[in-house]
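Residue numbers (this note's numbering): 191 to 282.
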């Protein structure tokens, strides 16, 4: 495997992992919504419901923050790579 092939493989693998993490984060957000819905229909006191829903909101915000940080990091890496990109024709 030459240098170009390795670079392409690494980039594709990184994108696969990013997609997998994105899916997991989105799935966590879905699970939090389901949990919040079950809290609404539970027999807990209003005070306990509000506390739990507050915690769920904090978790959701942290997940969204992680998603945005990952997006920003990927954009930064892509920019760095594009600036240092050498056309395939020039690699030998």
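All C-beta atoms, glycine included, are put in the ideal place defined by N, C-alpha and C.
Is the CB-CB distance between residue i and residue j below 8 Å?
i           : j           : result
residue 242 : residue 215 : no
residue 208 : residue 264 : yes
Between the alpha carbons of residue i and residue j, how many angstroms are there, rounded?
i           : j           : result
residue 252 : residue 221 : 14 Å
residue 204 : residue 250 : 25 Å
residue 210 : residue 236 : 37 Å
residue 269 : residue 201 : 14 Å
residue 245 : residue 225 : 11 Å
residue 223 : residue 240 : 14 Å
residue 261 : residue 273 : 18 Å
residue 206 : residue 271 : 18 Å
residue 227 : residue 259 : 28 Å
Among the options, which has the Cα closest to the Cα of residue i?
i           : options               : result
residue 248 : 218, 208, 265 and 201 : 218
residue 212 : 272, 224, 201 and 254 : 254
Would you verify that the beta carbon of residue i is, or is not, closer than 8 Å to some beta carbon of chain C?
i           : result
residue 202 : Looking at the structure shown, chain C is missing, and only one protein chain is on hand.
### Query
Does the region 227–244 come close enough to the region 197–207 that 3 or more CB-CB pairs lie under 8 Å?
no
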